[in-house]
Every structure is written in structure tokens, then in C-alpha cells.
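J.:
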Amino acid sequence: MRAMAKAGAKAGVVALVLLSLGACTAQYRSHGWMPPEDELQQIVPGVDTKASVEDLVGVPTTSGVLNESGYYYVESEVRHFAWKRPEVIDRQIVAITFDDVGVVQGIITYGLEDGRVVPISRRVTKSGDGDIGFIRKLFGNIGGLSASELLNN
Numbered sequence: 007m008r009a010m011a012k013a014g015a016k017a018g019v020v021a022l023v024l025l026s027l028g029a030c031t032a033q034y035r036s037h038g039w040m041p042p043e044d045e046l047q048q049i050v051p052g053v054d055t056k057a058s059v060e061d062l063v064g065v066p067t068t069s070g071v072l073n074e075s076g077y078y079y080v081e082s083e084v085r086h087f088a089w090k091r092p093e094v095i096d097r098q099i100v101a102i103t104f105d106d107v108g109v110v111q112g113i114i115t116y117g118l119e120d121g122r123v124v125p126i127s128r129r130v131t132k133s134g135d136g137d138i139g140f141i142r143k144l145f146g147n148i149g150g151l152s153a154s155e156l157l158n159n
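The numbering used here applies: residue 7 is where the sequence shown begins, and numbers increase by one.
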């Protein structure tokens, strides 16, 4: 019985050591999508339009905010390691720009070395009323109105 307990304890320790070593390995995740180079080579500036670009390489990850001046295809490689913050180790961006009538002006490829990493975050606009609950909001104006104000209006 003791031999069995010792063997079980050893197996537990070995499993714990292996599990902790496995947690210390980096994980890499890819986000976004980049069109293949052979498809980008088929786009002809001055000839192709927004519609033909979408047909050829697909819908962009994002587009220009003002006047939809460009299509942007973004792919990022992110390293996750133990307790540390995720780190962007590679980012590729293909920017396809258009003129006023929607014809391709140019295709530019940017890498992580061309600039700095801009963290993409989802922002939520907070209301100015703090932590007031629903019921308090609903009944908050009951004492603020008087009968004379209601009758005069």
C-alpha cells in the first residue's frame, strides 16, 4: 500500500512539473488576413476599381474613414507568454488607395518596422451618471416637479 502511495505521489509531482513547464511556453496567434502576393500583383492601378478589388482579393479588414479613400488589409502575429502582456511581433498592412471616382491609385505594403504599434482597443462611452441604478434613474425626477409647474405649462 505504501509503495502504491509513493508511486502515486511521484507521478503527481512529475505531472505538476510537466504542467508548469508547459505553461511557460509561448503561444503565437495570428489575427486578421493578408491577401496573397500573387493576387495583389493582379491589381492594376488606374484600371481596377473598388468592386474589382473586392472581387479579386476580398472585402478589406477596414476602409478609409473619410470618403472611403482606401482599403486596408491587416494581419498581426501576437505572442502570448505566461503572465506577460501579449506582444505584437509582426504586423503587415496592405493599403490600396483610390481616387475620387473609385479607381485604384496605388498599393502600399507596410510592416511593423515602418512605424510603431498602435494598440487597437474597443472603447465604450461611459455615461456621466456614475453608478446610479435603473430604478433610481426612473424615479429620480418625482420630487423635482411641482403641481404649479405642471399646471402653468
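Just so it is clear, CB atoms sit at the ideal spot from N, CA and C, and this is done for glycine as well.
Taking DSSP as the reference, what is the three-state secondary structure of glutamine 33?
T.: Position 27 of the sequence shown holds residue 33. Correct three-state label for glutamine 33: strand.
J.: By DSSP, does alanine 5 sit in helix, in strand, or in coil?
T.: Nothing in the structure corresponds to residue 5, since the chain is present only between 7 and 159.
J.: Let me check one thing: in DSSP terms, what residues is arginine 85 bridge-paired to?
T.: Residue numbering aside, residue 85 sits at position 79 when the sequence shown is read from its first letter. Its beta-bridge partners are Tyr34 and Glu93.
J.: Please state the DSSP three-state secondary structure of glycine 76.
T.: Indexing the sequence shown from 1 puts residue 76 at position 70. Glycine 76 carries a strand assignment under DSSP once its states are collapsed to helix, strand and coil.
J.: Using 8 Å as the threshold, is the C-beta distance between leucine 46 and isoleucine 113 below it?
T.: For this step, residue 46 is matched to residue 40 along the sequence shown. For this step, residue 113 is matched to residue 107 along the sequence shown. The answer is yes: Cβ separation under 8 Å.
J.: When you compare the stretch 77-84 with the stretch 33-40, are there three or more beta-carbon pairs, one atom per stretch, that lie closer than 8 Å?
T.: yes
J.: Could you name the residues that DSSP lists as bridge partners for valine 161?
T.: Residue 161 is absent from the model: the chain starts at 7 and stops at 159.
J.: Taking the alpha helix (DSSP H) that glutamate 45 falls in, what are its first and last residues?
T.: By 1-based counting over the sequence shown, the position of residue 45 is 39. From DSSP, the alpha helix (DSSP H) with glutamate 45 extends over 43-47.
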